[in-house]
């Protein structure tokens, strides 16, 4: 039986109950701090998206070359640019994935130095694109 002299515990879901800052540290932040954290998270998401797109482009090019090598009779013979080079615009064309909501992520080169360094290292790593080593 509940103690009639002890006040009932506050339910955080009950309207009008005071939030407990120790239970949820975000509630202790003022509105400007929350907005700043949101902007930082959006920048981080955008930087990661840019990095992911660079990696995905490299994967798509390698996949196309592996497909070409698996069926050499399908590729046109003769001098000139490699068949993969001729198909670059098609290979790198952004394919639309099914809609996952109303989120919009702006894609631009990263603003933070840490992602710039990571991208430069990734692009300089020739082993990532060495099909002879991968096959």
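Numbering (this note's numbering), first residue to last: 5 to 139.
Just so it is clear, CB atoms sit at the ideal spot from N, CA and C, and this is done for glycine as well.
Everything numeric in this text was worked out from a predicted model, so none of it was measured.
Residue i versus residue j: straight-line alpha-carbon distance, rounded
i, j, result
"residue 75", "residue 90", "17 Å"
"residue 119", "residue 128", "14 Å"
"residue 46", "residue 77", "47 Å"
"residue 124", "residue 49", "19 Å"
"residue 69", "residue 42", "41 Å"
"residue 28", "residue 37", "15 Å"
"residue 40", "residue 33", "11 Å"
"residue 126", "residue 44", "24 Å"
"residue 116", "residue 53", "13 Å"
"residue 30", "residue 93", "45 Å"
Given residue i as reference, the closest of the options once Cα atoms are compared
i, options, result
"residue 95", "117, 129 and 60", "60"
"residue 112", "51, 63 and 122", "51"
"residue 114", "28, 37 and 57", "57"
"residue 97", "117, 126, 64 and 31", "64"
Closer than 8 Å to chain C by CB, residue i
i, result
"residue 124", "Included in the structure is just one protein chain, with no chain C present."
Beta-carbon separation (whole angstroms), residue i vs residue j, contact threshold 8 Å
i, j, result
"residue 55", "residue 122", "7 Å"
"residue 62", "residue 88", "Going by Cβ atoms, the distance from residue 62 to residue 88 rounds to 12 Å, so no, they are not a contact pair."
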